[in-house]
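Have a look at the structure below, then the notes.
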Amino acid sequence: MSLLVEGLAKRYGDTPVFGNVHLRLEPGEFVAVVGESGVGKSSLLNCLAALDTWSEGRITHDGTDLGALDEAQRAHWRRRHLGFVFQAFHVLPHLDVAQNVALPLLLLNQSDDARVAAMLDAVGLQGMGARLPASLSGGQLQRVAIARALVHRPAIVLADEPTGNLDPDTAARVMDLLQAQTREHGSSLLLVTHSDAAAGRADRVLRLTRSGLQRD
Ligand SMILES: Nc1ncnc2c1ncn2[C@@H]1O[C@H](COP(=O)(O)OP(=O)(O)OP(=O)(O)O)[C@@H](O)[C@H]1O
Ligand SMILES: [Mg+2]
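Here's what the structure looks like:
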C-alpha cells in the first residue's frame, strides 16, 4: 500500500517549479517535507492528492497509476484512500462540527454517527458537535479539520502546514493528535511544515528544492 513517486516534475506553463522528485511513503511512516517558501511544497502535495496534474513522472499508490485516472476516478480514489488537512482549515461554515467531520463517511455511503462521535472525543471536541465553525477557536477548527481527514481511516494523510496558524502549545497538541491517530490506524503521514518542532517528530525529514527531494 505504499505511495510511490518517480521522477516527478511540475511546471506552471513554462515556469519550472520542481523536478526529479522521488519518494516512497510506506504504510505507518511519518515523513516531513520542508523547504523555502515558493519552492513548491503545496504544489507537490496537491499532485500527491491527485488534485492537480504534473508535467513529468509517475505517482502510483498500491499499483494504481494516479496519472491514468480520469477526474471521477481520482475523486473516488481520494475519497477511499486519502485524508487532507489544509493550512487554512477549509471547514464548511454552514455545516456544524459533527456534519463537517461526517462528510467523508457520507461521501462513501458509510455514515456512522458513533464513529463521528468517537472521532470528536479523540480530538477533544466532545459535546461540540452541534456548534457552527464560526464559534470555534483556530485550534478547535484545526482539530475539526483533522477529525474530518481521519474519520474514514484513510491509508494516506497529507497535511499542509496544519499548525501554521496555531500558537506553540496548541500546535504541539494538534501534532500529538495527528500522530496518535495516524499511528493507531497504520496510516502514512506526509506533513509539509515550516516548524522545526513539527519536523523533529518525523521518521524522516526531506527538503524540497528545485532539483528534487533530499534528506535534510
Ligand atoms: N496556479 C498557479 N499558477 C501559476 N503559478 C503557481 C500556481 N500555484 C503556485 N504557483 C507558483 O508555484 C510556486 C510554488 O508554489 P507553492 O504554493 O507550491 O509553494 P510552497 O512551497 O507551498 O510555498 P509556501 O511555503 O509559501 O506555502 C510559486 O512560485 C507559486 O507562485
Ligand atoms: Mg505552501
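For the sequence shown, the UniProt record's numbering begins at 1 and goes up steadily by one. The beta-carbon is built from N, C-alpha and C at its ideal position, and this holds for glycine as well. Computed from a predicted model, the values in this text were never measured in an experiment.
Bridge-paired residues (DSSP) for residue 214: 207
Residue(s) in a DSSP beta bridge with residue 16: 11
Integer-rounded CB distance, given that residue 189 should sit under 8 Å from residue 157: Indeed they touch by this definition, with Cβ atoms about 5 Å apart.
Neighbourhood of residue 66 by C-beta, 6 Å cutoff - its chain only, sequence neighbours within 5 removed: 50 and 59
Through-space distance from residue 131 to residue 57, alpha-carbon basis: 44 Å
Which listed residue (99, 142 and 47) has its alpha carbon closest to that of residue 74: 47
Member of 155, 154, 153 and 128 whose CA lies at the smallest distance from the CA of residue 143: 128
Closer than 5 Å to ligand 1: residues, by C-beta to nearest heavy atom, in chain order: 12, 17, 37, 38, 39, 40, 41, 42 and 43
heavy atom of ligand 2 below 7 Å from residue 52 C-beta: no
Helix, strand or coil at residue 61 according to DSSP, with G and I counted as helix: strand
Per-residue DSSP class, three states only, for residue 153: Note: residue 153 maps to coil in three-state DSSP.
CA nearest to the CA of residue 25, picked from 2, 34, 6 and 10: Looking from the CA of residue 25, the closest CA among 2, 34, 6 and 10 belongs to 2.
Outcome for residue 162 when other beta-carbon atoms lying within 10 angstroms are tallied against a minimum of 16: buried
Residue 196 CB to nearest heavy atom of ligand 2 below 7 Å: no
Nonlocal neighbours in the same chain, by C-beta distance under 8 Å from residue 105, ignoring five residues either side: 111, 112, 115, 116, 151 and 152
Residue closest to residue 78, alpha-carbon to alpha-carbon, out of 61, 91, 88 and 27: Closest by alpha carbon: 61.
Inter-residue spacing [alpha-carbon to alpha-carbon] between residue 120 and residue 214: 36 Å
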